[in-house]
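The block underneath contains the structure these notes are about, expressed in structure tokens.
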Amino acid sequence: AGLNPALLEMVNIREQCSWVHKGDHEGATLKALDLIRGAVARTRESVPLEARRMGVVPEVLVIGGGVAGITSSLRLAEYGLKVHLVEKRPSIGGHMIQYPKVFPTLDCSQCILTPKMASVSQSRNIDLITYAEVSEVTGVPGDFHVKVRLKPRGVDPEKCIGCGACSRVCPVEAPSEHDMGLGTRKAAYIPFPQSVPSVYTIDFDACTRCGKCASVCPRGAIDLDDPGGEVDLNVGAIILATGFELYDIGSLAQYGYGRYPNVITSLEMERILDVNGPTQSRLIVPETGREVKSIAYVLCAGSRDTEVGKPYCSRVCCLYALKQAQLLRDRGVDVWIHYIDIRAPGRRYEEFYRTTQEKGAMFVKGKVTEIVPEGERVLVRGEDMMINRMVENAVDLVVLCPPLVTAEDTLKLAEMLRVPVDEDQFVLERHPKLDPVATKRDGVFAAGVVVGPKDIQTTTAEAEGAAMKVGNFLSSERLIEPNKAFLVDPALCDGCSECLEVCPESAITLAEGKPVINEVLCTGCGACIPACPRGALDQQGLTDAQLKAQIRGVLESSEAEIKILAFVEREVAYTAVDLAGLARLSYPSSIRIIPLPSLSRLKLDHLLHAFAYGADGVMLLEAPEHEGPYGAAHVISEERADDYRWELEDYDVDSVRLWFSRVYVPDWRKLERVFRTFHNMIEDEGPLDDETRESLRERVG
């Protein structure tokens, strides 16, 4: 119709008035008039605002070269986007390349992954950067600037032809990371035969700089003084796919890991089972060479424990233990699996569990309490809940199944990207059900175990989803809404930086002692505005003048006996209020609702304004913490409400007249009781006395 959206105000008469006050026609009519007066008053203070379009950089940074990073990169490359795949190790492949077989089909892991790895190196749209780490990320969603630190490799990737001459003459042996330290490799090495890229690396921590490798290299690719380097990237979106590490099980003394040679981890067992592993698949104790004829698996070694280790389930431990048990039973090895619960909730997983039982693996339900040496074997002591007694069993080898944890590097990256993590240190999704591959920050996505423990099937599905989300994100210009904070009067600002500290999006910086608000990062929550002690900040589309005009319009001319003003968060809490209206729940007509993006926008001055011009009570109905588009700001609201409650006492307004609640959408039925309870409390208190109102009017003007 040609009307600027900023000049339009809609009044909710149906769900929040006529449908909820059917038995109170007079009260409903008075309330409708008040709400309309408030909207008209606010509109008088409104000005036209225009959204701004911002171009996006059609390139993507994928951090992590495991199966998740590989899958996302290949899919994005198919979309025609330029992809920069950064991996901290010399080769891509991640943990999956270390497994000989994968459950439940027992496919050869390397057979299905190496073709994808080769496709990465062959794709014209993928810039593969290995042996490198992201060191800095600046910019905004759609236009990130990234610095990538290239570790000193000692070999020029452009010149190296992968002939292996350097490795053959290298006199230094070092532990092999690919073999989990169970085997060795040279200081001049390639991690495994199928490495991508097929480029050798000098391990400068082990290298003696004897120069033999440089003397035999046919291409002159060796540089023993390689200082490393740095690459600058400009990308529109980022995918975190940094995978996992195993929990340091050596910190739990009862398992004896690191002290007894025949106690190993499940990932070490994967390498032993691999024909290309440190033992060429011979079943021996790696350190002693003793043949293994019996093995005990300890599931949940450090998992599902609220006292020590990690409280969560890693979701894959039961299944890879079942896989290894099947491979071992096929070779005649006796296998005992000590478990708390066998969890196999996936397609073909229950059948996989039954197959393991049919092959003769023994299952012992209960926790292992102690592992101690007994000659050349180890004694496993624990409970057997099926027979309700303690048991012990001597075996040749114990395999511990520790929890999957977030890598330390990932936590640094999350902090760098301003992406929050949960209590278990995994990256927090925007919504675990509805938006599981988007993070809380626009333009940053995540896939795989970086978001939480999961199997390969789920990881690849998430990686495909993350690629699709990135494709959508970069498919068109970004629309920057105009409802942002802004500096009203630079002369008022004293550079105290209070606004910087409170901004949940880190959208504010100081330049020459004054705040600069990044309109791309700013979500318009308004949390910074009450934090300013000088009143130098305001918000477009929700200025103090607009908000005060609406408050005054709703209350000042009202003929209702009791007037309660309810400030309601407009995404989650407002939806719950609307659902209560759709269900025709009845509550007192004294309630008048003003929606806000987040209640962190409210100043004490707004509450004083409400009481000065007719409110007898004020309700603050906020969304749950971290829910909705302004989730981080919702945390601040409750803290401020507590402060405001006691500050009101200084103005002779009883703190009981201010109510704060968090409202969940499923709780919409409870709103009827909440509204009635507060109405009855205010009714018992009676209207605010005229003397206090007059005093407040002199204060607020």
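Our numbering numbers the first residue of the sequence shown as 114 and each following residue consecutively.
Backbone N, C-alpha and C fix where the C-beta goes; we use that ideal spot for every residue, glycine too.
Only a predicted model underlies this, so the values are computations on that prediction, with no experimental measurement involved.
Which of helix, strand or coil DSSP assigns to residue i
i      : result
Leu194 : coil
Gln652 : strand
Tyr368 : helix
Thr392 : coil
Ile569 : helix
Ser407 : strand
Pro118 : helix
Phe558 : strand
Arg689 : It should be pointed out that residue 689 corresponds to Ala in this sequence rather than to Arg. Here Ala689 sits in helix by DSSP.
His134 : coil
Val681 : strand
Ala354 : coil
Asp361 : coil
Ile242 : strand
His544 : strand
Lys214 : strand
Asp387 : coil
Val563 : helix
Ala745 : helix
Ile225 : helix
Tyr89  : Outside the modelled stretch of the chain, which goes from 114 to 814, sits residue 89, for which no answer is possible.
Asp602 : coil
Ala580 : helix
Lys260 : strand
Met209 : helix
Pro549 : strand
Ile675 : coil
Other residues of its chain near residue i: CB distance less than 7 angstroms, five sequence neighbours each side excluded
i      : result
Asp336 : Gly267, Asp269
Met209 : Gly179, Val180, Ser222, Leu226, Ile569
Tyr433 : Phe216, Ser379
Arg789 : Tyr700, Pro701
Tyr360 : Gly415, Gly422, Lys423, Pro515, Pro516, Val518
Thr297 : Glu286, Ala287, Pro288, Ser289
CA nearest to the CA of residue i, picked from the options
i      : options                        : result
Val282 : Thr321, Asn596, Ser248, Glu762 : Thr321
Asp537 : Leu517, Lys525, Cys413         : Leu517
Glu122 : Cys430, Pro161, Arg332         : Pro161
Pro617 : Glu172, Cys276, Arg714         : Arg714
Met498 : Glu489, Glu483, Leu510, Lys478 : Lys478
Val504 : Ala409, Arg705, Ile362         : Ala409
Ser328 : Cys606, Ala301, Ile352, Ile500 : Ala301
Tyr368 : Leu346, Lys480, Arg262         : Lys480
Asp803 : Ala728, Glu785, Ala746, Leu526 : Ala728
Gly666 : Gly584, Glu286, Asn117, Val124 : Val124
Arg461 : Gly445, Lys436, Met475         : Lys436
Leu634 : Ala696, Asn347, Leu530         : Leu530
Asp602 : Leu174, Ala649, Asp657, Pro566 : Ala649
Asp454 : Lys676, Thr392, Asp443, Tyr466 : Tyr466
Lys406 : Glu489, Glu381, Thr419         : Glu489
Val173 : Leu198, Ser159, Ile149, Arg157 : Leu198
Lys272 : Ala278, Lys299, Gly333         : Gly333
Phe599 : Lys144, Asn631, Gln235         : Asn631
Arg810 : Ser768, Ala673, Leu721         : Leu721
Val133 : Arg697, Leu524, Glu752         : Arg697
Ile351 : Trp759, Asp755, Pro304, Gly177 : Gly177
Val344 : Ile242, Ser280, Arg384         : Ile242
Asp763 : Leu717, Gly561, Glu487         : Leu717
Asn506 : Leu513, Ala520, Ile500, Glu483 : Glu483
Gly193 : Ser234, Asn238, Arg157         : Asn238
Other residues of its chain near residue i: CB distance less than 6 angstroms, five sequence neighbours each side excluded
i      : result
Pro399 : Leu295
Ala245 : Val199, Val261, Leu263
Pro545 : none
Cβ-based neighbour list, residue i, same chain, cut-off 8 angstroms, excluding 5 preceding and 5 following
i      : result
Met475 : Asp447, Val448, Trp449, Ile450
Arg127 : Gly694
Gln663 : Gly151, Ala152, Ala154, Arg155, Ile707
Asp780 : Ala689
Any 3 or more C-beta pairs closer than 8 angstroms across the region 197 to 209 and the region 295 to 314: A contact is defined here as three or more CB-CB pairs under 8 angstroms, and the region 197 to 209 meets this definition with respect to the region 295 to 314.
Secondary structure, beta strand (DSSP E): runs of 3+ residues fully inside the region 766 to 808: Runs of beta strand (DSSP E) with 3 or more residues, each lying fully within the region 766 to 808, are found at 771 to 775, listed in chain order.
Ranges of the alpha helix (DSSP H) found wholly within the region 436 to 524, counting only runs of at least 4: Look at the region 436 to 524 and you find these whole runs of alpha helix (DSSP H), each 4 residues long or longer: 462 to 471.
Cβ contact check for the region 564 to 584 and the region 181 to 195: 3 or more pairs under 8 angstroms: Contact between the region 564 to 584 and the region 181 to 195 is present: three or more C-beta pairs spanning the two stretches fall below 8 angstroms.
Continuous beta strand (DSSP E) assignments of at least 3 residues falling wholly in the region 148 to 188: Complete beta strand (DSSP E) runs here, min 3: 165 to 167, 172 to 176.
The region 596 to 611 touching the region 247 to 255, judged by at least three CB pairs closer than 8 angstroms: Verdict: no, contact absent.
Contained alpha helix (DSSP H) runs [length at least 4] in the region 269 to 329, N- to C-terminal order: As far as the region 269 to 329 is concerned, its whole alpha helix (DSSP H) runs of at least 4 residues are 278 to 282, 325 to 329.
Complete alpha helix (DSSP H) runs within the region 715 to 740 (minimum length 4 residues, chain order): The qualifying runs are 717 to 725.
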